[in-house]
């Protein structure tokens, strides 16, 4: 009986360690998960102010303005809805009006997206898959299938 009790105690201890490891792993990944939204998604279900998200679409023509020495404001659109974006930093070389972009950051309480990172498309034929899918769902995508992302 003693051997059986020791085996049960060992199994219970191993199970407890496994549950604790999984819980710690999920807790650590909680901050790494960033949800993607199109401008239409933002208008339909606004993210919580302060929650880190990605917003993707096209840079709306005529909306890029330099608001300070290293600060910019522009609008991301999926041709159905628009999201106003502010960004402090150096914009990517490939950042242009009418081109695909994915911005990562947080919405403020007024609904303005404060981008911390701005990613532009790779070349004239590339469209980020998330942006292409969002445009397709909005019924405005007319291009070919997006190229797979290369890492």
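In the working numbering, the protein residues as written are 132 to 282.
Glycine residues also receive a C-beta, built at the ideal position from the N, C-alpha and C atoms.
Predicted model only: the values in this text are computed from it and were never measured.
Beta-bridge analysis with DSSP links residue 213 to 208. Nearest in C-alpha terms to residue 210, of all of 220, 149, 230 and 140, is 230. Residue 171: member of the alpha helix (DSSP H) spanning 170 to 175, first to last residue. Residue 233 sits buried, since 16 or more C-beta atoms from the chains shown fall within 10 Å of its C-beta.
The continuous beta strand (DSSP E) containing residue 197 extends over residues 196 to 199. Taken in chain order, the whole beta strand (DSSP E) runs of length 3 or more contained in the region 213 to 252 are 213 to 219, 231 to 238 and 244 to 251. If you draw a 10 Å sphere on the C-beta of residue 224, you find fewer than 16 other C-beta atoms in it, and that means exposed. Fewer than three Cβ pairs drawn from the region 149 to 158 and the region 167 to 176 lie within less than 8 Å of each other, which leaves the two stretches out of contact.
Scanning its chain for C-beta atoms nearer than 8 Å, with the 5 sequence neighbours on each side dropped, one finds around residue 198 the residues 204 and 217, in chain order. Within the model, the alpha-carbon separation for residue 156 versus residue 147 is close to 14 Å. Of the other Cβ atoms in all chains shown, 16 or more fall within 10 Å of the Cβ of residue 266; this residue is therefore buried.
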